[in-house]
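Novice: In UniProt numbering, the protein residues as written are 1 to 433.
Glycine residues also receive a C-beta, built at the ideal position from the N, C-alpha and C atoms.
Note that the structure is a prediction, hence the values are computed from the model and not measured.
1) Is residue 112 buried or exposed, if buried means 16 or more other CB atoms sit within 10 Å of its CB?
2) Whole angstroms is fine: what's the gap from residue 35's alpha carbon to residue 143's?
3) In whole angstroms, what is the alpha-carbon distance linking residue 244 and residue 262?
4) Could you tell me how far apart the beta carbons of residue 305 and residue 359 are, in whole angstroms, since I believe they sit closer than 8 Å?
5) Given residue 377, which residues of its chain have a CB within under 6 Å of its CB, disregarding the five upstream and five downstream residues?
6) Of the choices 259, 158, 92, whose alpha-carbon is the least far from that of residue 434?
7) Distance check for residue 197 and residue 392, CA to CA, integer angstroms please.
8) Looking only at its own chain, which residues have a Cβ that is under 6 Å from the Cβ of residue 16, when we skip the five neighbours before and after it?
9) Find the nearest neighbour of residue 190 within the set 170, 417, 128, 74, judged by alpha-carbon distance.
10) Residue 415 by DSSP, collapsed to three states: which one?
11) By DSSP, does residue 405 sit in helix, in strand, or in coil?
12) Quick one: is residue 95 buried, meaning 16 or more other Cβ sit within 10 Å of its Cβ, or exposed?
13) The alpha helix (DSSP H) with residue 163 in it runs from where to where?
14) Is the beta carbon of residue 368 sitting closer than 8 Å to the one on residue 340?
15) Assuming residue 24 contacts residue 102 (C-beta within less than 8 Å), just tell me the rounded distance between them.
16) For the region 309-384, which segments carrying the alpha helix (DSSP H) assignment without a break, of at least 4 residues, lie completely within its bounds, in sequence order?
17) List the endpoints of the continuous alpha helix (DSSP H) containing residue 275.
18) Confirm, please, whether the CB-CB distance from residue 139 to residue 78 is below 8 Å.
19) Give the DSSP-derived three-state secondary structure of residue 425 in the structure shown.
20) Inspect the CB distances between the region 84-91 and the region 63-70 and report whether three or more fall short of 8 Å.
21) Looking only at its chain, what residues have a beta carbon closer than 7 Å to the beta carbon of residue 3, apart from the 5 residues adjacent to it on each side?
22) Sorted by chain position, which residues of the same chain lie with C-beta nearer than 8 Å to residue 157's C-beta, five sequence neighbours on each side aside?
23) If we call anything under 8 Å between Cβ atoms a contact, is residue 310 one with residue 293?
24) In three-state terms, what does DSSP make of residue 100?
25) Near residue 406, which residues of its chain fall below 7 Å by C-beta distance, leaving aside the five closest residues on each side in sequence?
26) Hey, quick one: how far does the alpha helix (DSSP H) through residue 85 stretch, first residue to last?
27) Closer than 7 Å by C-beta to residue 276: which residues in its own chain qualify, once you throw out the five before and the five after it? Chain order, please.
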């Protein structure tokens, strides 16, 4: 009895697979003749009898993946080949041998799956749609094109992010693709957008907010610089001495302290005078402009350039911090006075020139210059006299107009330049030269 049952079961297996093979063979012939509807019916009938029919699954997958088949369905073709791949290992060795004769084995099944993976990838790549790509990746999990799909998805996401151009889009991209090849490009745009939006008002508060909330931003140094500028403008908007003083007290290390001090100084020197500079020195003894203030007083007070005036200066300003400079100027003034008193006898031209460069623009230096050209005028060498005056004109700065007056006198025919209190008198020369 047992022998009979074993024989019956064996016959069932043989008959069952023979049916599978015949169905596949019939379906294959229908495919070759491009009788696709017939092939579809044959394979479907076979699967209805046995859902694990490897041959039918394989055949149906090939049919549904044919480009010329009107009812082509890559998704179903993929499902059938995956089912075939799952059913094949469960088949007996005899079944596998029979399938091998039909040229169906693991490699053939894998090749069919790869083919569908490839065709499906091309289709989805042409769509350039993020959802479609994600669906492909979810379904074709073992596809050899998975990496390419992932890269394409990332590229599309990058393009979409750039088009959207919002901080939210950039932030989401960086979170989703932390190792993206486009990471740096997105990071730059993200940082720039955040900085631009946060500081759009250009107000000092906006820059302060950015500095406090984005300390790692590549724009942090720029923000700090602009914050200082905006803060300084805000705190000194009224352009008053009080606001500048407050800024200096509260921000002693700021680079704008100099501008604040210059602004205060300018308010005392808009109409330069010794009393104004004295007031400034008295009120701001520790200012960085203190040297300039003292220098202005010194220049105005010693404008004549006589030796006595320097002594008088020290008497009036015993707190003057640069007394050594005064002593040097006394010696220089005495040197110039000796030239005048001795009518330049014993003094070389280069000594006179050196004195003029150091003593200008004092009145005494101007007197020396005018006296120097007097002999040239006496010899009717007017152009040489003019050349000498023009050579030293720049040294006399704001008194250059007096040099111009002297040149004008010479050009009008004047032969005598009288320099008593450094004023000029023209004596017309009516004689022919």
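Specialist: Checking against the coordinates, here is how it stands:
1) buried
2) 30 Å
3) 10 Å
4) 6 Å
5) 385, 415
6) Because the chain spans 1 through 433 in this model, residue 434 falls outside it and cannot be assessed.
7) 58 Å
8) For residue 16, the predicted model reports a pLDDT of 44, less than 50, meaning its position is unreliable; a value from the coordinates is still stated below. Result list for residue 16: empty, nothing under 6 Å.
9) 170
10) coil
11) helix
12) buried
13) 146-164
14) yes
15) 6 Å
16) 323-341, 349-359, 363-378
17) 274-283
18) yes
19) Residue placement at residue 425 cannot be trusted, given a pLDDT of 33 that sits under 50; what the coordinates show is reported in the next sentence. Looking at residue 425 - three-state DSSP - the assignment turns out to be coil, as it is neither helix nor strand.
20) no
21) Because the pLDDT of residue 3 is 39, which lies under 50, any placement of that residue in the model is unreliable, and the number read from its coordinates should be weighed accordingly. Excluding sequence neighbours, residue 3 sits near nothing in its chain.
22) 130, 173, 176, 177
23) no
24) helix
25) 370, 389, 417, 424
26) 74-87
27) 268, 269
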